[in-house]
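Student: The structure that follows is given in the form of structure tokens.
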Amino acid sequence: MRKHNLAFIDIETTGLNVIKHEIIEIGCVITTPGLKVIEKFELKIKLKKIKSAEPISIKITHYNKKDWENAFSLEEAIKILSEKVKDCIMIGQNVSFDSGFLEYNFLKVGLKNTMHYHKLDTISLAWAKLHRKKNITHFSLRELCKHFDIKNECPHDALSDAYATYKLYKKLMKL
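Here's what the structure looks like:
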């Protein structure tokens, strides 16, 4: 695992149901194993089923038609992601949610997930290192950023959350 680049990935969706809802945005920060940033990118994805979107999800993700005018199709976005994260280890805040949506959508568009099969979850890492601290009662990205004095410029923006996750991971690895 030590020789693989890391891909800090966050997705935004139109709801919580992997089959019913869509990925609206993918944010990614790719680093070396030593945590030097190689690339940061964001992929906005055109919605096909806006009527099935949860209104609260649309609000939280700051979706508006204008900002998504030049968005990628799902197929284009997944292909770009696949090429950029080849052999990377995925790291995420609640990684099972994001990886579940990504796996489903890789299958949906008929592309192979090129990431390494290992994944790391910053919630699990934070729990392992911080669960005895009485002042930490929640392990959300927002609360952990607050605890470590990490500024997340635009919460629920995929790239901003991916970058905050990267900064959180660096802090956790120093403990």
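Residue numbers (full-length UniProt numbering): 1 to 175.
A virtual CB, placed ideally from N, CA and C, is assigned to each residue, including glycine.
Would you check if there are 3 or more beta carbon pairs closer than 8 Å linking the stretch 129-139 to the stretch 40-59?
Tutor: The answer is no - the stretch 40-59 does not touch the stretch 129-139, with fewer than three Cβ pairs under 8 Å.
Student: So, are the CB atoms of Asn5 and Ile30 less than 7 Å apart?
Tutor: Position 5 of the sequence shown, counting from 1, holds the residue named residue 5. Position 30 of the sequence shown, counting from 1, holds the residue named residue 30. Yes, they are a contact pair.
Student: Taking only beta-carbon positions, decide if Ile24 is within less than 7 Å of chain B.
Tutor: The chain labelled as chain B is not found in the depicted structure, where only one protein chain is given.
Student: Which residue marks the beginning of the alpha helix (DSSP H) containing Lys146, and which one marks its end?
Tutor: Working through the sequence shown from its first residue, we reach residue 146 at position 146. 141-147 is the extent of the alpha helix (DSSP H) around Lys146.
Student: So, under 8 Å CB-CB, Lys40 and Leu159 are touching, yes? Tell me the CB distance rounded to an integer number of Å.
Tutor: Taking the sequence shown and counting its residues from 1, the one referred to as residue 40 is at position 40. Taking the sequence shown and counting its residues from 1, the one referred to as residue 159 is at position 159. Rounded, the Cβ-Cβ distance is 6 Å, consistent with contact.
Student: Helix, strand or coil for Val85 per DSSP?
Tutor: Locating residue 85 in the sequence shown gives position 85, where the first residue counts as 1. Coil at Val85, not helix or strand.
Student: With a threshold of 16 other CB atoms inside 10 Å of the CB of Ile38, please say whether the residue is buried or exposed.
Tutor: On the sequence shown, residue 38 is found 38 positions in, with the first residue counted as 1. Looking at its Cβ environment, which holds fewer than 16 other Cβ atoms inside 10 Å, Ile38 is exposed.
Student: Just checking my contact of His156 with His62 at CB under 8 Å: how many whole Å lie between their CB atoms?
Tutor: As a working mapping, residue 156 is identified with position 156 in the sequence shown. As a working mapping, residue 62 is identified with position 62 in the sequence shown. Their Cβ separation, rounded to whole angstroms, is 7 Å, which keeps His156 and His62 in contact under 8 Å.
Student: Which residue's Cα is closest to the Cα of Asp161: Ile26, Lys20, Glu22?
Tutor: Your numbering for residue 161 matches position 161 in the sequence shown. Minimum Cα distance to Asp161 is reached at Ile26.
Student: Could you tell me which of Asn17, Leu102, Glu75, Phe72 sits nearest to Ile9, measuring between CA atoms?
Tutor: Stepping through the sequence shown from its first residue, residue 9 is reached at position 9. Closest option to Ile9, Cα to Cα, is Leu102.
Student: Taking the alpha helix (DSSP H) that Asp161 belongs to, which residues open and close that run?
Tutor: To locate residue 161, count along the sequence shown from 1; it is residue 161. Segment 158-174, the alpha helix (DSSP H) holding Asp161.
Student: Excluding five sequence neighbours on each side, which residues of the same chain lie with their C-beta closer than 6 Å to the C-beta of Asn94?
Tutor: Within the sequence shown, residue 94 is the residue found at index 94, counting from 1. Excluding sequence neighbours, Asn94 sits near Ile123.
Student: Please classify Asp87 as buried or exposed, where buried requires at least 16 other C-beta atoms within 10 Å of its C-beta.
Tutor: Here the question's residue 87 lines up with position 87 in the sequence shown. Asp87 is exposed by the Cβ-count criterion.
Student: If you draw a straight line from the C-alpha of Trp127 to the C-alpha of Leu144, how long is it?
Tutor: Start at 1 with the first residue of the sequence shown, and residue 127 comes out as number 127. Start at 1 with the first residue of the sequence shown, and residue 144 comes out as number 144. One C-alpha to the other measures close to 10 Å.
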